[in-house]
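Please read the structure below before turning to the comments.
Protein chains: 2
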Amino acid sequence: MYTARVYVTLKASVLDPQGRAVERALHALGYGEVRGVRVGKVIDVTVEAPDAGAARRRVEEMGRRLLANPVMETFEIESVKPASGAAVEG
Amino acid sequence: MYTARVYVTLKASVLDPQGRAVERALHALGYGEVRGVRVGKVIDVTVEAPDAGAARRRVEEMGRRLLANPVMETFEIESVKPASGAAVEG
Numbered sequence: 008m009y010t011a012r013v014y015v016t017l018k019a020s021v022l023d024p025q026g027r028a029v030e031r032a033l034h035a036l037g038y039g040e041v042r043g044v045r046v047g048k049v050i051d052v053t054v055e056a057p058d059a060g061a062a063r064r065r066v067e068e069m070g071r072r073l074l075a076n077p078v079m080e081t082f083e084i085e086s087v088k089p090a091s092g093a094a095v096e097g
Numbered sequence: 008m009y010t011a012r013v014y015v016t017l018k019a020s021v022l023d024p025q026g027r028a029v030e031r032a033l034h035a036l037g038y039g040e041v042r043g044v045r046v047g048k049v050i051d052v053t054v055e056a057p058d059a060g061a062a063r064r065r066v067e068e069m070g071r072r073l074l075a076n077p078v079m080e081t082f083e084i085e086s087v088k089p090a091s092g093a094a095v096e097g
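Below you can see the structure in the form of structure tokens.
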């Protein structure tokens, strides 16, 4: 079993209201040096696969088909590692 | 300016209904090899700071104070890099 870590982030041209809200909250807490905040998703997908390369190919396909919205988001697979037991709990 | 990439993930003991929903959707699409899905956040924080170490210390403090809920979540700073122009758009 392998766990692939996938980032799904908004394209740079897309407004990110959640990021703006976090930025304002940080300013209100006194972190005036904050110049921008973007919020995306990190999705850890644990799969049965014969090897890490096969796991990566399948998760790439899942990313294109389901995990990311190609109009507004981009996704990248950050890593593919042998799964630890704790990672598979839903 | 530096951009710190922060992961905020649910603790392993906390149920993740969004991850379960993604897992079921992947099964329905024919990805029967999926054994678990966990969904977290990735937050890119761009700050003015004299150096990368100072940026990391400030963002760690922000993580503890605002970005993560310590009861249910853990956070880690994945990287601190010189900011690109595109990253600071809110």
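First to last, the sequence lines map onto chains A and B. Using the numbering used here, read the first sequence as starting at 8 and increasing by one per residue. Using the numbering used here, read the second sequence as starting at 8 and increasing by one per residue. Here a beta-carbon is modelled for each residue, glycine too, at the ideal position from N, C-alpha and C. From a predicted model like this one, the values you see are computed outputs, not experimental measurements.
Alpha-carbon to alpha-carbon, residue j and residue i
{"i": "residue 84/B", "j": "residue 52/B", "result": "10 angstroms"}
{"i": "residue 56/B", "j": "residue 62/B", "result": "5 angstroms"}
{"i": "residue 93/A", "j": "residue 26/B", "result": "A caution first: residue 93/A carries a pLDDT of 43, below 50, which makes its placement in the model unreliable, though a value can still be read off. Each residue's Cα considered, the two are about 14 angstroms apart."}
{"i": "residue 41/A", "j": "residue 29/A", "result": "10 angstroms"}
{"i": "residue 69/A", "j": "residue 88/A", "result": "17 angstroms"}
{"i": "residue 21/A", "j": "residue 73/B", "result": "24 angstroms"}
{"i": "residue 60/A", "j": "residue 46/A", "result": "28 angstroms"}
{"i": "residue 54/A", "j": "residue 32/B", "result": "14 angstroms"}
{"i": "residue 58/B", "j": "residue 9/B", "result": "8 angstroms"}
{"i": "residue 97/A", "j": "residue 18/A", "result": "Residue placement at residue 97/A cannot be trusted, given a pLDDT of 42 that sits under 50; the coordinates are not used to answer."}
{"i": "residue 24/A", "j": "residue 16/B", "result": "20 angstroms"}
{"i": "residue 64/A", "j": "residue 71/A", "result": "11 angstroms"}
{"i": "residue 37/A", "j": "residue 43/A", "result": "15 angstroms"}
{"i": "residue 35/B", "j": "residue 35/A", "result": "44 angstroms"}
Counterpart residues of residue i in DSSP-defined beta bridges
{"i": "residue 89/B", "result": "9/B"}
{"i": "residue 51/B", "result": "45/A, 12/B"}
{"i": "residue 83/A", "result": "14/A"}
Near the ligand GDP: residue i beta-carbon under 8 angstroms from a heavy atom
{"i": "residue 32/A", "result": "The model on display carries no ligand, and the ligand GDP is accordingly not part of it."}
Expected contact under 8 angstroms - CB spacing of residue i and residue j to nearest Å
{"i": "residue 14/B", "j": "residue 66/B", "result": "With 8 angstroms as the limit, residue 14/B and residue 66/B do not qualify as a contact, their Cβ atoms being about 12 angstroms apart."}
{"i": "residue 12/B", "j": "residue 91/B", "result": "Their Cβ separation, rounded to whole angstroms, is 12 angstroms, which puts residue 12/B and residue 91/B out of contact at 8 angstroms."}
Residues in the region 46-67 of chain B with C-beta within 8 angstroms of chain A's C-beta atoms, listed in sequence order? Within the region 46-67 of chain B, the qualifying residues are 46, 47, 48, 49, 50, 51, 52, 53, 54, 55, 56, 65.
Listed in chain order, which residues of the region 21-47 of chain B have Cβ atoms closer than 8 angstroms to some Cβ of chain A? 22, 23, 26, 27, 29, 30, 32, 33, 36, 38, 40, 41, 42, 43, 44, 45, 46, 47
Is the region 64-84 of chain B touching the region 73-92 of chain A, taking contact as three or more C-beta pairs under 8 angstroms? Judged by Cβ distances under 8 angstroms, the region 64-84 of chain B makes no contact with the region 73-92 of chain A, as fewer than three pairs qualify.
Going along the region 76-90 of chain A in order, which residues come within less than 7 angstroms of chain B, judged by CB to CB distance? none
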